[in-house]
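Here our numbering = 1-based position in the sequence shown + 1. So the structure is just underneath, and the comments pick up after that.
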Amino acid sequence: MVLEFTINGKLYQINPKCISVETSLNAFIRDCAQLKGTKFMCLEGGCGSCVVNVTKKHPVTNETVTNAINSCLLPIYACHGCDILTVEGIGNMKDGYHPIQKRLAEFNGSQCGFCSSGMVMSMFSLLEANGGSVTMQDVESALDGNICRCTGYRPILDAFKSFAVDTSDSTKKLCRDMEDLGSESSCLQGSCKGICINSVVGKEQKMQQVLDRDGKEWYKVYTIQEIQNIFQKIGSKAYMLIAGNTAHGVYRRRNDLQVFIDINSVEELHQYEIKENLVVGANNSLKDFIRIMHEAVQKNVNFQYLRKLIDHVQIIANHSVRNSGTLAGNLMIKHEHLEFPSDLFLLLETVGANLITMPTHPTTTVTPHQFLRLDMTKKILSSIVIPQHDPAYITIRSFKIMPVSQNSKAYVNAGFLFKFSKSTLIPETVTICFGGIQPSFVRASKTEAFLIGKQLLSNETLQGAIQVLSTELDPDYVLPDASPEYRKNLALSLLYKCILDIANKYRVKIDQRVKSGATPLERSLSSGKQTYDTYPNKWPLTQNVPKLEGLIQCSGEAEYINDIPKMPNELVAVFVLATEINSRIIKIDASKALQLDGVKAFFSVKDIPGINNFMTLEIGAPQVEEVFCSGEVVYHSQPIGIVVAETSVLASRASSLVETFYEKLPPKSVYPTVLDVIESEAYDRVSNLGFDRHGAQFRTAIEGPIKIKGRLNLQGQYHYTMETQTCFCVPIEDGMDVYSSTQYPDLVLCAISQVLNVQQNSINLSVRRLGGAYGAKSTRPALIASACAVAAKLTQRPVRMVLSMETNMSAIGKRIGCHSLYEVDVDSSGIINRLDNTYTHDGGSIVNENLAYLTSDMFKNCYRTDKWNLIGNVAQTNVAPNTWCRCPGTSEGIAMIENIMEHIAHVVGKDPMEVRMLNMSKENPMYQLLPKFRKDVGFDSRKKSIDKFNDKNRWRKRGIAIIPMEYPMEYSGTRNALVSIYHIDGSVAITHGSVEMGQGVNTKVAQVAASILGIALNKISVKPTTTLTSPNNNPSVHSISSETAAFAVKRCCEILLERLRPILAANRSATWEQIINRAFVTNVDLTAQYHYQSADLQGYIIWGCACAEIEVDILTGNVQIPRVDLLEDVGESMSPGIDIGQLEGSFIMGLGYYLTEALVYDNSNAMLVNNRSWNYKVPGVKDIPIDFRVHFLRNSSNPHGVLRSKAVGEPSFSMTPVLTYALRYALRSARRDAGLPDDWIPIGK
């Protein structure tokens, strides 16, 4: 029968001879339906950019159900009978926009925009699934699987909370204000209006067997008997049961699968009953399981304990995964991969559930632990039996400790069940389960036995249990897991937390100070506050306007490079990467890859027509960086060639078949990080960068009386651009059109021309927008573009290259790490008598990007430096060459000196702010600003409250800290702008040399042009950046691209006004359109160009302060951030909404850097082992500050800036070390409580 479904109301019927059964819904939407709003990114359900809405019939109730689903995980063949809505389907330019799309744009919740369509569809699906009635807490919880690296989430949450039934009065007022400005949407409407579509739900014919073009079989089954029949039919063929297919997001599917059995419509596997036991069909989704448990709780008091399970299941994976992932699917991952820390398995084992498998006669009933040892070949997990537990005698608790608040596997998870003797707290039965210890470990059986029959709440029993548990826990160490020591101590702490919780439940008298250790940190609803100056007489300049492209980003109509429509004969390129270092490539055999039908070529260094170097000498790069490795491998995952094929799936498969043969070189030590170099004293790898700073009095400065020594280690960071490195090359009659996701078009142009050995004028490079950059797309895109261009030139066919997240993380450099060693002499008050600091940057395997001039300049921050000595070095490590990353160099400079100030204050026993003030010149503006900020944020009263809290709590600790920032901004480089006015309607087109990547440069230049020309903002359009209109431009980096482009556009507009002056003077009552038409007929040139140079603008200082409050669960290490206050001097903000978002997003990226993100390398070969969204964790919506307050310094017009403004994008990242100072404050309290010495706690990265 025909496989059919609808997308946005359009009926699709699949031809198996054209579409493989392994095609995902995401691939079909993008490649076949040609809808580009649904993004292609992590391909494992971890980022949310691919979320769509799927509506289908429930196999038991026959009700229509609608959910947010990760399209990258759902096979297209599993969509039979479904109605699918993409972001284009709910609203677009032609049919009108949906209120959710408009609201997100109006609240400036879309910066680069790559995540916006997924955000919109998650919110749309939430409203659809709940009849339009949701709370603000529902909104925060529903976005747990959506990642945004730009905004810091706050404006997204504000936008979506405006649809909640409990939204705040201030938000309602804001919505009304927006409506007054012309918005048609109302946040006061009671429900979300559904989209009218042609539906196939409930009308589809039964589909049973399909054979695709590759000979793979797809079966759609409706009964368990049909599954058994297929098992008999297929013999020994490798098969897979398909439901949510979310396991693919954790463990990739095998390539040898021949048979796929879709069991989504099997009614028996979705049924449930609540009687003596709760019996749940194993193919129920996690979402349905939560609903079923809620029902059981309402019906039977002996199922009250399921409330605990509900809380735990709600933090399994993320909202979209829970919507489709099934109970059986989760348990089968655990069955096949014992190391998988399945929360569901742990919960079921804890509560004494049984699993029923079929087909056997009679059916087999086993415990979850026994299930792991079953041979499940041609068997199915049919149902789960969950028992009642009398709450009078049974206590059940569970815990999950993760690196972030949501959407993560556990470091360690735990389940506890205690059944007590009547009227006692003496356990008759004990179950203690842990995940994340080692694959074979499930139950702490020795500890269970120890506790039975003993008085649980006695110190003797507790100490004995912890000792027994300690002996039977033996965690393994498999990277990138947390250390065995941490995981073991975490497990011990969780047992203690559980017993504390039982004491609280039964109101046993215990020390009040330890009570808070019983429960995890509880997060309240987040909120934000922003204040800024705006000047109505200058509008649209200084006005809070939505980002120019915001609405089309929120509707999926904004085109990124991978959204460019597929061209005839197009090919896809995928890198082949080196897997051995300290070796030389002696042979590459691509014959197996080339045998695959549809694989067209393999290219390596021998095929490069010109120079094998993408970091050209002309941009000042001292070392060669090869496009393809020509011999010695300098880092793990270095590109050695590319495969080109007809599809990305085929190209990826072919790349894995290319065989590389290596010759081992003499053994060398491997150093993945700069810390490894320093600790190994491998100084042959260290060189000076030439930007040392020597204070005028350093050589004569006296030592002592107090000498302080220390270190600060700052590791790298993955940029986590939602759009990975991407390029599309199209051969044309006189050269090549190149579309590159780059911040540095000039470098890409230079690199391609030299690699291809062609003139630069034969390359036409265009960049409309980037899906995030943060420095990742400054120099590194030249590698991808050069490789892609080689393939396009040699095949003479269009070639598209989009790096997978794994390749993007492994093969491309990251933030340049830094290690600081310092020695400082101070007096008893903390005044510095002498300071000597040596820092060493982590350059990676090839050192081409020198940040020392930034770091050395920023190290002084706002302090006197005449007695300081600063040495700046760089180390060569064994990883991919590192590169610029948000706030490059500058963040390390401030982090180092502020860490020293904190260390001084700790040693001399002074208030850290007092020490800072003593080392600051009274003439420095910060001398006045810092005390005022301290007062404005209520620091002293909050600190007293925190101290009081810490005195009363042993296992919960809070901290608070402040950091100042003096951020010098200097101008450099060049920037083009071209402004054209069209004579019929007076509309204006602008192109400039800066690249739009979310920072809002296009919006700002439009505001500038509208203000200077005196016309409406909607008469201005900003065009893509090209190397024809803006050749020879510097990269868009270091937060100055918006200002320099705005300045160039300002000058263009002033030139045009000067030309129009005589006509304006003679026609004072004429409209703008009449003036322009008159200028045209009198041959006035209506196009102006300006080439900005650094001498046009004068540098200035950006001032800032940050105060952070943090809370720590001492027993687990989990943290949350109750409040952050940011103050930044932005001059007269050209566009306050955009600038606030930039500031917040930069700070949240820094929050991730210091608190959640860690690059983990294998020390044997420097391979990055956490290169996926599954194991590299950036902050999510519930990791941001609960109370996030942003203030722009009032009345701070900048006479030296462009239209009195200052740069915004990066400086706030430099203030994020304040989080570690607040954390240290909390940990010091814990150490004092533990009777430990109040030693300095080095906290780096």
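Each residue gets a CB set at the ideal place from its N, CA and C atoms; glycine is no exception. These numbers were taken from a predicted model, which means no experiment stands behind them.
Judged by DSSP in its simplified three-state form, T366 adopts strand. Per the coordinates, the alpha-carbon of S631 lies some 30 Å from the alpha-carbon of S767. For the pair D828 and A697, the Cα-to-Cα distance works out to about 20 Å.
Listed in chain order, the non-local C-beta contacts of L493 below 8 Å within the same chain comprise I467, L470, S471 and L474, local neighbours out to five positions each way being set aside. Remark: C-beta atoms of M810 and N1172 approach each other more closely than 9 Å. For Y840, the enclosing beta strand (DSSP E) has its first and last residue at I833 to G845. Contact check for K861 against I905 fails: the beta carbons are separated by 9 Å or more. Cβ contact annotation for W1175 (same chain, cutoff 8 Å, sequence separation greater than five): E45, G47, G250, V251 and K410, in chain order. Assignment of L426 by DSSP, reduced to helix, strand and coil, places it in the coil class. Considering only G999, D1188 and S1022, the residue with the shortest C-alpha distance to R524 is D1188. DSSP places K58 in the uninterrupted beta strand (DSSP E) bounded by V52 to K58. In this structure, the beta-carbon distance from W869 to I832 does not fall below 9 Å. DSSP places M902 within a helical segment (H, G or I) once states are collapsed to three. In the structure shown, M241 falls within a strand segment according to DSSP collapsed to helix, strand and coil. N147 is positioned such that its CB atom lies no closer than 9 Å to that of C73. Here A1208 is not near E967, since their CB atoms are 9 Å or more apart.
Of the residues assessed, M568 falls on the exposed side of the cut-off, its CB having fewer than 16 other CB atoms within 10 angstroms. For the pair L1224 and G49, the Cα-to-Cα distance works out to about 30 Å. When only Cα atoms are considered, M1216 and P965 end up about 7 Å apart.
For P732, the enclosing beta strand (DSSP E) has its first and last residue at T727 to I733. Contact between L345 and I317 holds, since their C-beta atoms are separated by about 7 Å, short of 8 Å. Of the candidates I895, E924, A853 and V61, the residue whose Cα lies closest to the Cα of W885 is A853. Excluding residues up to 5 positions away in sequence, Q389, H390, D391 and P392 lie with their Cβ nearer than 8 Å to the Cβ of N303 in the same chain. Per DSSP, C1108 is not a residue of any alpha helix (DSSP H); the beta strand (DSSP E) it occupies stretches across Y1101 to D1114.
DSSP places F950 inside the alpha helix (DSSP H), whose first and last residues are F940 to K953. Between the segment 550-566 and the segment 98-114, the count of C-beta pairs closer than 8 Å reaches three or more; the two stretches touch.
Around the Cβ of F662, a 10 Å sphere holds fewer than 16 other Cβ atoms; the residue is exposed. Sorting S981, D986 and T1027 by C-alpha distance to the C-alpha of A1007 places S981 at the top. A distance below 7 Å between beta-carbons, with the five flanking residues on each side excluded, links M927 to the following residues of its chain, in chain order: C863, M921, P965, E967 and W1104. Only buried fits G119, as 16 or more other CB atoms lie within 10 angstroms of its CB. Note on geometry: alpha-carbon atoms of V298 and Y306 lie some 8 Å from one another. Looking at V731, T701, A876 and V803, the one whose alpha-carbon comes closest to that of A683 is A876. Here DSSP, grouped into helix, strand and coil, assigns N414 to strand. Contact check for M137 against A160 fails: the beta carbons are separated by 9 Å or more. Close CB contacts of V121 within its chain, under the 7 Å cut and outside five residues either way in sequence, are with V88, I101, Q102, L105 and C555 (chain order).
When secondary structure is reduced to three states using DSSP, F1214 falls in the helix class.
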